[in-house]
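Asks:
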Amino acid sequence: MKETLYYEVEERDVQTTYNVKEDFIMRNDLAMSLGDLLGEEYVNAVAAAAVSLLGVEEEKAESAKTEKVEFFPESYVEKLDSMLDRIGQIVTVPFTGKMEGAPTLAFAKAANHDASPISGFGYYRVGQDGKLYVIAKSEHYHTPLGHFFPGYKLIDNARTLGISNATHNNTRGYITRLCEQELVRIANGLGKDQKQELEDILKSDKPHVLNRVINLETGSLACEAGIKMMLARFYKLDKTFPAPKYSGRIPVFFVMGDYEGGRMANYHGTTVIAQTFRDMWPEFYKKNEENDIYKVVPVAINDLEDFQKKYEMYNQGKYKAAGFTHEIILMNYGGIRLEEDYLRAVYKICHEGDTPIMCDEIQSCMWYDGMFLFRQYGLNPDFSVVGKGFPGGQYPASRIITTAEMDNLNQFGALVTNGQEELASLSYLITMAFVEQNGSAVSETGRYYEARVKTLKDKFPEVIDYVEGEQMLSAITFKNVDDTVTFVKKMTGRYFDISAQVYKAFCPPAALLKLPLIATHKLIDCLIWHMEAALHEMEEGK
Numbered sequence: 209m210k211e212t213l214y215y216e217v218e219e220r221d222v223q224t225t226y227n228v229k230e231d232f233i234m235r236n237d238l239a240m241s242l243g244d245l246l247g248e249e250y251v252n253a254v255a256a257a258a259v260s261l262l263g264v265e266e267e268k269a270e271s272a273k274t275e276k277v278e279f280f281p282e283s284y285v286e287k288l289d290s291m292l293d294r295i296g297q298i299v300t301v302p303f304t305g306k307m308e309g310a311p312t313l314a315f316a317k318a319a320n321h322d323a324s325p326i327s328g329f330g331y332y333r334v335g336q337d338g339k340l341y342v343i344a345k346s347e348h349y350h351t352p353l354g355h356f357f358p359g360y361k362l363i364d365n366a367r368t369l370g371i372s373n374a375t376h377n378n379t380r381g382y383i384t385r386l387c388e389q390e391l392v393r394i395a396n397g398l399g400k401d402q403k404q405e406l407e408d409i410l411k412s413d414k415p416h417v418l419n420r421v422i423n424l425e426t427g428s429l430a431c432e433a434g435i436k437m438m439l440a441r442f443y444k445l446d447k448t449f450p451a452p453k454y455s456g457r458i459p460v461f462f463v464m465g466d467y468e469g470g471r472m473a474n475y476h477g478t479t480v481i482a483q484t485f486r487d488m489w490p491e492f493y494k495k496n497e498e499n500d501i502y503k504v505v506p507v508a509i510n511d512l513e514d515f516q517k518k519y520e521m522y523n524q525g526k527y528k529a530a531g532f533t534h535e536i537i538l539m540n541y542g543g544i545r546l547e548e549d550y551l552r553a554v555y556k557i558c559h560e561g562d563t564p565i566m567c568d569e570i571q572s573c574m575w576y577d578g579m580f581l582f583r584q585y586g587l588n589p590d591f592s593v594v595g596k597g598f599p600g601g602q603y604p605a606s607r608i609i610t611t612a613e614m615d616n617l618n619q620f621g622a623l624v625t626n627g628q629e630e631l632a633s634l635s636y637l638i639t640m641a642f643v644e645q646n647g648s649a650v651s652e653t654g655r656y657y658e659a660r661v662k663t664l665k666d667k668f669p670e671v672i673d674y675v676e677g678e679q680m681l682s683a684i685t686f687k688n689v690d691d692t693v694t695f696v697k698k699m700t701g702r703y704f705d706i707s708a709q710v711y712k713a714f715c716p717p718a719a720l721l722k723l724p725l726i727a728t729h730k731l732i733d734c735l736i737w738h739m740e741a742a743l744h745e746m747e748e749g750k
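Counted the way the working numbering counts, the sequence shown spans residues 209 to 750.
(1) Taking Glu498 as part of the alpha helix (DSSP H), name the residues at either end of that continuous run.
(2) Which complete alpha helix (DSSP H) runs does the stretch 560-641 hold, if anything under 4 residues is left out?
(3) Taking DSSP as the reference, what is the three-state secondary structure of Lys276?
(4) Could you give the distance in angstroms between the alpha-carbon of Tyr550 and the alpha-carbon of Gly586?
(5) With 16 other CB atoms within 10 Å as the buried threshold, where does Glu230 fall?
(6) Report the option in Glu308, Ala433, Ile537, Lys276 whose CA atom is closest to the CA atom of Asn423.
(7) Using a 10 Å radius around the Cβ and a threshold of 16 neighbouring Cβ atoms, would you call Leu313 buried or exposed?
(8) Go ahead and pull the three-state DSSP assignment for Met291.
(9) Looking only at its chain, what residues have a beta carbon closer than 6 Å to the beta carbon of Leu410, apart from the 5 residues adjacent to it on each side?
(10) Let me check you understand the geometry: is the CB of Ile394 closer than 7 Å to at least one non-hydrogen atom of the ligand MN?
(11) Just list the alpha helix (DSSP H) runs in the stretch 686-742, keeping only unbroken ones of 4 residues or longer that don't cross its boundaries, in chain order.
(12) If we count the other Cβ atoms within 10 Å of its Cβ and call it buried at 16 or more, is Thr625 buried or exposed?
(13) Does DSSP put Ile298 in a helix, a strand or coil?
(14) Cα-Cα, which of Gly399, Glu266, Glu390 is closest to Gly370?
(15) Alpha carbon to alpha carbon, how far is Arg655 from Ser648? Give it in angstroms, no decimals.
(16) Can you give me the C-alpha to C-alpha distance between Val277 and Ala256, rounded to a whole angstrom?
(17) Since Cys715 and Asp466 should fall inside the 8 Å C-beta cutoff, what is the C-beta to C-beta distance between them, to a whole number of angstroms?
(18) Pick helix, strand or coil for Gly434, following the three-state DSSP scheme.
(19) Would you say Lys361 reaches chain D, if we count a Cβ-Cβ gap shorter than 8 Å as a contact?
(20) What does the Cβ neighbour count give for Tyr493, buried or exposed, with the cut at 16 atoms within 10 Å?
(21) Report the option in Gly749, His744, Cys734 whose CA atom is closest to the CA atom of Leu292.
(22) Identify whether Thr375 lies in helix, strand or coil by the three-state DSSP scheme.
(23) Report yes if the CB atom of Leu725 is closer than 8 Å to the CB atom of Tyr657, and no otherwise.
(24) Less than 8 Å separating the beta-carbons of Leu288 and Thr728?
(25) If you draw a straight line from the alpha carbon of Phe232 to that of Gly542, how long is it in whole angstroms?
(26) What residue does the beta strand (DSSP E) around Glu407 start on, and which one ends it?
(27) Less than 8 Å between the C-beta atoms of Glu630 and Ser283, yes or no?
(28) Helix, strand or coil for Pro452? Go by DSSP, reduced to three states.
(29) Short check: CB of Arg545 to CB of Pro506, under 8 Å?
(30) Following the continuous beta strand (DSSP E) through Ser327, name the residue where it begins and the one where it ends.
(31) Within this structure, are the beta carbons of Thr685 and Ala718 separated by less than 8 Å?
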């Protein structure tokens, strides 16, 4: 490793000192062909079909099959950084056409057509107003590699070869099957050369070994699948099933509670049961609880004693702990980070009490070295829910990874018609290949950003209370709601797409950010400069 260098950087009248480990920049030497990514035997087969069936010229098919696509060329990075001074400026002819669509009232109220995309490039979006925006929340957490990441050209090459996207659930394609195995490999922390270890894991029937994948489309459906597998230990999926293990007992789900004692701190999608987990549909939930159908118990954030007390209460008699569902970074509740020691202790309690755990990584997956944050915490969940970041915004594609023990539904218990899309699986493999090679850089960039954003608390202690989250997933928590709203308005006025979270019960008033993984130090420095400028304006009452 090269010696850590220290730079004095004077930029936009703000002088800062920070360190840069030169080894930890995103590698721009990754170039792969479809053959490299998918294997020569498969690609040769589809190329032959493209020639014979679709009439693709042999030379064109050969090119699509063998072209080495550069994933992150230096010229791409240089162009991104060269545009920082144009943030908020008109960079193309604005689109002034009128089209309201046919939205519901809620969507119409939230709409911002000026910022709606007509193009994008890396960590920028070009709005209908022709101006350059920074996607500081990665388009709500699903573009870790930004817009038009060069590596996704392999998807175009796949189309040239006639690789079809749509298929039936009974005819899962080769790419999707390969993607499933790669997810299992990475979820278990294996390298590409550990083929025998992967084979052993795929065959394992031991508890807490993630080796089964269901391909779905959204995080909500993936979470729902996990909840249904937990419920299947209490209720029959259909009349052909035998009596479940805990038939006759009341399933109790433990979820992250808010600071008022309610259930508002958790978020596991928009299906009805998952919404009752966070205090939605109160009359519907009340009837279920009163009739002993199921019960949802909130547990205090990072409070092991509270968890132990409630677990003991609801894992005896007529009750049975049905499952613990959690995120690691509560990006829907102030960006609060669950502590490693707390989670490890909770996992031990649940595993000893035969209570499955669903680790919902829809928001955190792909933003950390190893792609699964639970691995950095040393956790072994029974379900891992992923999506958003893995397909890189190219396709809606979620997955739930589970164990042999929890593989208890039939095929129609959890499936969607579009779940097996081949090009969606290809987008997974491309994103995974890039992030796997750049794990150290992902960590370094995340730590650099976290260190820089935390300096704001020291510089502006009158308005900023603390900074939550981990690495790129961050929440700047203010002393009060008004300051949070003002800060977000000022930053969006500077064309950085961030949001305020100020609407939940006793939720810390926070400004949420989630930069793409391809964010450079120059972008981070630029963002911090704009934040400091906005905070200075707030101090001065502007």
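Ideal placement from N, C-alpha and C gives every residue a C-beta, glycine not left out.
The structure presented is a predicted model; accordingly, all values stated were derived computationally and were not measured.
Replies: Taking the geometry as given:
(1) 490-498 is the extent of the alpha helix (DSSP H) around Glu498.
(2) 581-584
(3) coil
(4) Straight-line Cα distance between these residues: approximately 12 Å.
(5) With a pLDDT of only 42 at Glu230, under 50, the local geometry of the prediction cannot be trusted, and the value read off the model is given with reservation. Classification of Glu230: exposed, given that the 10 Å Cβ count is below 16.
(6) Selection Glu308, Ala433, Ile537, Lys276 evaluated against Asn423 yields Ala433 as nearest (Cα-Cα).
(7) exposed
(8) Correct three-state label for Met291: coil.
(9) Asn419
(10) Only the bare structure without any ligand can be found here, which leaves the ligand MN out of the picture.
(11) 689-701
(12) exposed
(13) strand
(14) Glu266
(15) 11 Å
(16) 21 Å
(17) 7 Å
(18) helix
(19) No chain D appears in the structure shown, which is made up of a single protein chain.
(20) It counts as buried.
(21) Cys734
(22) The three-state secondary structure of Thr375, taken from DSSP, is coil.
(23) For Leu725 and Tyr657, no; Cβs fall outside 8 Å.
(24) yes
(25) Residue placement at Phe232 is flagged as unreliable, the pLDDT there being 45, under the threshold of 50; the coordinate-derived value follows with that caveat. When rounded, the distance between both Cα atoms is 29 Å.
(26) No beta strand (DSSP E) contains Glu407, which is instead part of the alpha helix (DSSP H) from 403-411.
(27) no
(28) coil
(29) no
(30) 325-329
(31) yes
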